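**Student:** Okay, handing you the structure first.
Numbering (the numbering used here), first residue to last: 15 to 207.
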């Protein structure tokens with residue numbers, strides 16, 4: 015008189031093994047709980063193989079997928095538990111993690127190549143010498159460059175056009191000395207005269 019068939023026992027043992035693995039993450043036992051979890055998972059496979067070879071192989075495949083998934087889920091949830099917070103302290107906010115890089119303010123600035131850039135070399139911006147990488151173009155020393163982006167530890171530059179160099183040489187606070195084309199307006203001359 016068997017109330018639960020062998021497949022039911024195999025399922026119960028597999029779930030029990032995964033549950034004990036989760037407990038091992040939350041309750042450090044020096045590997046004792048891991049041993050019991052291993053015994054339960056292997057026991058579920060043995061019971062499944064006794065029923066049928068196909069069922070046993072199916073349980074092996076489920077265990078290969080379920081065990082790492084359960085362990086990963088437990089470690090993902092662990093920092094949010096009271097024990098995890100006591101071990102790790104408060105998790106930093108996203109603003110605290112974000113690195114402040116003063117070089118990000120260089121985007122759009124004009125500098126001068128101080129060495130041949132094939133594709134990396136030295137540039138000078140505002141009297142400061144720094145390493146940079148060109149965007150695939152060779153840049154000769156003394157050629158004006160513009161900073162395109164700053165990503166990780168790379169300052170990406172490209173050759174600057176004469177218009178960009180001219181605009182950079184104008185003072186930014188004197189709006190009246192800038193050419194009208196810079197503002198996107200058409201010429202003010204009468205086209206019919």
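Heads up, the beta-carbon is just placed ideally off N, CA and C, and yes, glycines get one too. These numbers were taken from a predicted model, which means no experiment stands behind them.
Note down the Cα distance separating residue 72 from residue 103, rounded to an integer number of angstroms.
**Tutor:** Position 58 of the chain shown holds residue 72. Position 89 of the chain shown holds residue 103. Rounded to the nearest angstrom, the two C-alpha atoms are 42 Å apart.
**Student:** Exposed or buried, what is residue 31 when buried is set at 16 or more other beta-carbons lying within 10 Å of its beta-carbon?
**Tutor:** As a working mapping, residue 31 is identified with position 17 in the chain shown. The residue in question, residue 31, is buried, as its Cβ has 16 or more Cβ neighbours within 10 Å.
**Student:** Check whether the segment 85-98 touches the segment 61-76, taking contact to mean three or more Cβ pairs, one atom from each stretch, closer than 8 Å.
**Tutor:** With the cut-off at 8 Å, the segment 85-98 and the segment 61-76 do not touch.
**Student:** Can you find the residues in the same chain that come closer than 8 Å, C-beta to C-beta, to residue 35, ignoring five residues on each side of it along the sequence?
**Tutor:** Mapped onto the chain shown, residue 35 falls at position 21. Contacts found: 47, 48, 51, 81, 84, 85 and 88.
**Student:** How would you write the range of the beta strand (DSSP E) that residue 11 sits in, first residue to last?
**Tutor:** The displayed coordinates of the chain run from 15 to 207. Any statement about residue 11 would go beyond what the structure contains.
**Student:** May I have the straight-line CA-CA distance separating residue 98 from residue 126, to the nearest angstrom?
**Tutor:** The residue given as residue 98 occupies position 84 in the chain shown. The residue given as residue 126 occupies position 112 in the chain shown. So the two alpha carbons sit approximately 52 Å from each other.
**Student:** So residue 161 and residue 120 are in contact, right, with Cβ under 8 Å, and what is the actual spacing, rounded?
**Tutor:** The residue labelled residue 161 in the question sits at position 147 within the chain shown. The residue labelled residue 120 in the question sits at position 106 within the chain shown. Contact holds; Cβ gap of about 5 Å.
**Student:** Are the Cβ atoms of residue 137 and residue 171 separated by less than 8 Å?
**Tutor:** To locate residue 137, count along the chain shown from 1; it is residue 123. To locate residue 171, count along the chain shown from 1; it is residue 157. A contact, by the Cβ cut-off of 8 Å.
**Student:** Run the CB neighbour count on residue 146, radius 10 Å, all protein chains shown included, and call it buried at 16 or more, exposed below.
**Tutor:** Translated into the one-based positions of the chain shown, residue 146 becomes position 132. Buried.
**Student:** Identify every run of the beta strand (DSSP E) within the segment 21-76, keeping only runs that are complete inside it and at least 3 residues long; order them along the chain.
**Tutor:** Segments of the beta strand (DSSP E) lying fully in the segment 21-76: there are none.
**Student:** Check the DSSP bridge columns for residue 114 and list the partner residues they point to.
**Tutor:** Locating residue 114 in the chain shown gives position 100, where the first residue counts as 1. Paired residue(s): none; residue 114 is not in a bridge.
**Student:** Which residues does DSSP list as the beta-bridge partners of residue 80?
**Tutor:** On the chain shown, position 66 is the one that residue 80 refers to. Residue 80 is not bridged to any residue.
**Student:** Return the CA-CA distance between residue 165 and residue 20, expressed in angstroms with no decimal places.
**Tutor:** Start at 1 with the first residue of the chain shown, and residue 165 comes out as number 151. Start at 1 with the first residue of the chain shown, and residue 20 comes out as number 6. Taking the straight line from one Cα to the other gives about 58 Å.
**Student:** With a 10 Å radius around its C-beta and 16 neighbouring C-beta atoms as the bar for buried, classify residue 54 as buried or exposed.
**Tutor:** Position 40 of the chain shown, counting from 1, holds the residue named residue 54. So residue 54 counts as buried.
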